Structures are given as structure tokens and as C-alpha cells.
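Heads up, the sequence shown stops at 466 in the numbering used here, and the numbers go up one at a time, no gaps. Ideal placement from N, C-alpha and C gives every residue a C-beta, glycine not left out. These numbers come from a predicted model, not from an experiment.
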Amino acid sequence: MSVLIKNGRVVTATDDYVADVFIEKDKIIAIGRDLKFVAETIIDASGKLVMPGGIDPHVHLEMPFMGTYSSDTYETGTRAALYGGTTTVIDFILQKQGSSLQSALDEWRGRSHGNTLGDYSFHMAVTDFNENTKAEIKTMIEKEGITSFKTFMAYKGALMIDDRQMIGLMEEVKKHGGLINVHATNGDMIDFLVAKHKSEGKLAPLYHYLSQPEITEAEASSRFVDMSSYTGCPGYIVHLTCEGALNAVRDATQRDQKIFVETCIQYLILDASLYENNFEGAKWVMSPPLREKKDQETLWAGINQGLVQVVATDHCPFTWEQKLMGKDDFSKIPNGHPALENRMELLFSEGVMKNKITLNKFVEVSSTNAAKIFGMFPQKGTIAVGSDADIVIIDPNEKHQLSASTHHMNVDYSGYEGWNITGKVKTVLLRGKVAIDNNNCLVEKGYGQFIKRNKVSQII
Ligand code: URP
Ligand code: ZN
Ligand code: ZN
């Protein structure tokens with residue numbers, strides 16, 4: 007299997023030049039002008055951008071959550087990801103409180119193994135840290151290649167751990183070269199506000215938003231970075247949304263801490279006014295909720311200042327019927343929204359085309375930084391000799407419209423219905439195979455591989 011991509015504008019996190027890219031089997035073999043290799047497939051990329059395949063390190067596929075399952079399976083979710091230019095995703099395993107990490111891994115493997123079209127890996131969410139869990143951390147990192155551990159500072163009773171468990175986990179993870187991911191919101195404050203709103207008969211989606219004010223995220227983010235400073239364990243704040251939380255990170259950088267920040271595409275381009283439309287707002291019920299315009303400005307600036315390293319999705323889709331579980335009570339609306347297929351094109355259109363970020367920054371935050379932070383670089387996240395041939399070819403000028411009627415995610419609405427955007431994913435290669443070509447998917451389930459990741463300490 008060999009592919010020659012001709013005359014494309016190759017953009018990585020650091021470079022930008024016109025060249026040919028020659029691929030044999032699953033790897034990039036050569037990059038240069040007028041390459042003379044004979045290839046089975048030749049792709050003319052003149053006038054197009056040739057960039058590393060997207061990496062979305064925050065997705066929830068077929069995840070048991072709030073009394074139901076997120077509606078994209080490993081098959082539909084990774085197919086939709088490929089259509090949108092994302093070649094690798096990192097999904098979350100949830101430990102059941104009272105059970106082991108290994109049993110959770112077995113359960114998640116049972117659903118995912120052999121069912122993905124795109125490459126994938128797992129973070130392990132530790133929801134019950136005790137002596138038994140502690141003993142499993144080394145095995146997860148060294149044997150399973152699962153080097154990042156998710157913690158929840160909210161969702162009490164199901165997922166949340168307290169600060170004592172957090173410190174214990176951080177010490178163990180640091181010892182073995184791993185990283186802690188965190189959903190940093192103050193669960194107790196949120197639970198108080200949810201109960202208060204419900205007791206006052208305030209049950210619409212708007213009250214989901216009003217139950218999670220900025221301070222609930224700023225407080226928890228600040229507490230998390232302090233615990234990370236105290237233990238010396240590297241931390242990664244998932245789905246950071248607002249100015250107050252980012253300011254906590256600014257303080258951490260002054261202490262020279264290893265704190266990484268992810269925001270999600272929706273927090274950059276949507277705002278809380280969407281909750282004003284009665285139950286329609288349920289489409290954007292997610293945690294943390296959408297914020298204000300001033301927070302969008304802070305996040306774009308944070309990306310350019312290097313304080314925010316990753317733009318992910320927190321893709322956690324629920325169908326409209328599932329969202330209706332909360333039609334009389336916002337606290338029963340399954341939290342999450344679909345964006346996996348749209349992330350790269352939205353970030354390109356809203357970010358690069360509107361001059362908010364450069365092309366190099368686009369590559370950095372949509373692919374390269376996630377590969378580095380999560381121990382997959384340089385196998386993934388760049389276009390270089392020896393790297394996996396995971397490549398997205400984008401036509402920067404093609405205009406199109408987003409809609410549930412044309413997307414491939416298994417959900418019957420779009421959070422971006424009718425959005426007109428510029429820049430279209432035309433061709434996607436995954437490990438040297440053309441996976442997407444002009445709106446056709448050419449790989450089948452089972453093509454995706456589980457990626458064992460390196461220790462974080464070897465990379466950063
Ligand atoms: O609303 C969200 N974010 N749903 C998925 C679970 C999580 O908190 O990431
Ligand atoms: Zn979360
Ligand atoms: Zn999430």
C-alpha cells in the first residue's frame with residue numbers, strides 16, 4: 007500500500023510549506039518537492055492544506071451516564087470523527103465505585119474492541135480511590151498504556167472523589183509517570199444550587215446554567231492546581247470554559263507547574279443565551295454549561311498565550327428522546343452535546359478564517375499538543391518521516407452548511423444546525439489508508455487500533 011500526496015500545503019504545528027508526501031504501508035516515508043516515488047494511489051492536493059489528522063482527547067462513546075448511554079457507539083462515533091478529520095480519539099472508562107479499575111477496563115474493552123473505524127485510546131476515570139485502586143495504577147500505566155487518570159470534582163454519589171482521595175491518587179500517579187485529568191467544578195456548590203432551584207419550582211434548562219455559575223468552576227480549578235502544586239503531579243483540566251478558571255491556571259504557570267488546559271469548541275463559539283429558549287436549550291445542557299461572550303474572548307486569548315493547549319469536544323451525544331428525560335426537571339436532562347464530527351471544521355472556520363488563530367496554532371490545538379500531552383507523539387500529531395500517516399486534507403475555500411440531515415453522528419439534531427462554514431475536509435488518511443474520500447467512508451469497523459500511550463514523564 008503506497009500513497010503519494012502531491013503539491014499540498016503541508017502545515018504542522020511549526021512548519022508551513024508546499025511539498026509532496028510519500029507514504030508506504032502505515033508510515034510517512036518521505037517529504038519533499040517533486041518526489042519521484044511510484045505509488046499505487048496519487049492524490050492531487052494542489053491548493054489544499056495537508057495537516058496531521060485531528061486528535062480529540064475528550065469523547066464519551068456508548069457511555070453509561072445519567073440513566074442512559076451516550077448515543078454514538080464506537081462504530082458511529084469514530085466514523086463521524088473520520089468524516090470530520092479526526093483520526094484518533096481518547097474515550098473515558100468509568101470505574102464503578104466499589105469495583106476495580108481492571109473490571110472497568112474489561113467492560114469498556116468489551117464494547118470497543120473490534121468496533122472502531124478510527125484509532126482510539128482510553129483515560130481511566132478513578133471514582134473510588136482506595137488501597138486496591140492504588141495498587142492498580144502502575145499496571146494501568148506500564149502494562150495497559152493508559153497513562154492518564156480522570157477525576158471528577160462534581161457528580162457526587164456517582165463519580166466525584168473528595169480531596170483526600172485526589173491527593174492520594176495524585177501521589178501514586180506521579181510516582182509512576184502519569185497525569186491527572188480533572189472535571190473541575192465544585193460539586194457541593196452545584197448540588198446546593200440545583201436543590202434550591204428545584205425547591206423554587208425552577209425546572210427549565212436555563213436553571214442548569216444558573217446552577218453552575220463561573221465561581222463553581224473557578225474555585226475547583228484553583229483548588230485542583232493547588233493540590234497539583236502540593237503533590238507535584240502534572241494536571242490537565244478538561245473542558246475549561248471561563249475567565250475565572252483560566253486565571254487559576256495563570257497563577258499555576260507562575261509557580262512553573264505542569265498544568266495543561268483543554269477547552270472545547272462549543273465554549274469558543276456558543277454562549278449561554280441558547281438556554282433562554284425554553285426546552286430547546288436542552289440541546290446544550292452540558293457540564294460546565296456554555297458561558298458568556300467575555301469568556302469566549304478569554305479562551306481565544308488563552309489559546310494564543312499558550313495557556314490553553316487543546317481544543318477538544320467533550321462529545322457526549324444524546325438523542326432528543328433521551329434529552330426529554332428531563333422535560334420536567336433540568337437535573338434529569340442527560341448532560342452532553344454532539345460535536346466530534348464538527349470540531350475541526352468549526353475551529354478552522356471560526357478560528358483560522360476569522361483570524362483568531364494561525365494555521366500552525368490550529369494544528370497545535372487540534373492535534374499536536376494532545377499527542378504530546380497524552381504520550382502519543384511523534385507517532386501521532388505531526389507530519390514527519392516515521393510518523394503514522396494520519397493526514398487530513400482540507401479545502402480551505404469550500405463553503406458548506408452543517409446539519410443533522412447530513413452529519414454522521416448518531417444523534418437527531420445538531421448543535422450547529424444551519425451554520426454556514428468555510429473549509430471542508432476532503433480526504434482523510436489513517437495509518438496510510440484513505441479512510442474518507444469526498445464524503446465517502448472507505449474503512450470499516452475493526453480498522454481502528456487501540457493506541458497504548460507512553461508515560462507522560464517521557465514526553466513533557
Ligand atoms: O456534560 C458533559 N460534560 N457530559 C459528559 C460528562 C462530563 O462531565 O465530561
Ligand atoms: Zn466533565
Ligand atoms: Zn466529558
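Check                                                                                                                                                          : Outcome
For K362 and I271, I'd like the C-alpha separation in whole angstroms.                                                                                         : 13 Å
Please determine if the region 438 to 458 and the region 111 to 123 are in contact, where contact requires at least 3 C-beta pairs separated by less than 8 Å. : yes
Report yes if the C-beta distance between H343 and H66 is below 8 Å; otherwise report no.                                                                      : no
Between M359 and M57, what straight-line distance do the alpha-carbon atoms span, to the nearest angstrom?                                                     : 16 Å
Going by beta-carbon coordinates alone, are F336 and A224 separated by less than 8 Å?                                                                          : no
Can you tell me whether K338 is helix, strand or coil according to DSSP?                                                                                       : helix
Helix, strand or coil for F135 per DSSP?                                                                                                                       : coil
Does DSSP classify Q103 as helix, strand or coil?                                                                                                              : coil
Given this structure, state the Cα-to-Cα distance separating V200 from E206, to the nearest angstrom.                                                          : 10 Å
Less than 8 Å between the beta carbons of M350 and V431, yes or no?                                                                                            : yes
Residues in its own chain within less than 6 Å of A376 by CB, not counting five upstream and five downstream?                                                  : I61, P63, V316
Compute the distance between the beta-carbons of D32 and N13, then report whether it is under 8 Å.                                                             : no
When every heavy atom of ligand 2 is checked, does at least one fall within less than 7 Å of the C-beta of S337?                                               : no
Which residues does DSSP pair with I243 in a beta bridge?                                                                                                      : V188, V267
Is N445 buried or exposed, if buried means 16 or more other CB atoms sit within 10 Å of its CB?                                                                : exposed
If we count Cβ pairs, one from each stretch, closer than 8 Å, do we get three or more for the region 362 to 371 versus the region 30 to 47?                    : no
Relative to the C-alpha of K461, which candidate in Y215, F380, K162 has its C-alpha closest?                                                                  : F380
Quick one: measure Cβ to Cβ for G424 and Q407, integer angstroms, because I've assumed they're closer than 8 Å.                                                : 6 Å
Check each candidate in L353, G73, D401 and name the one with the smallest Cα separation from R15.                                                             : D401
Quick check on E223: does DSSP put it in helix, strand or coil?                                                                                                : helix
Regarding C322 and ligand 3, is the C-beta to nearest heavy atom distance less than 7 Å?                                                                       : yes
Quick one, which of A390, N310, V188 has its alpha-carbon nearest G59's?                                                                                       : A390
Going by C-alpha distance, which of K264, P70, A86 is nearest S235?                                                                                            : K264
Can you round the beta-carbon distance between A87 and E356 to whole angstroms, since I take them to be within the 8 Å contact cut?                            : In fact, because the Cβ distance is near 19 Å, the residues do not count as touching under 8 Å.
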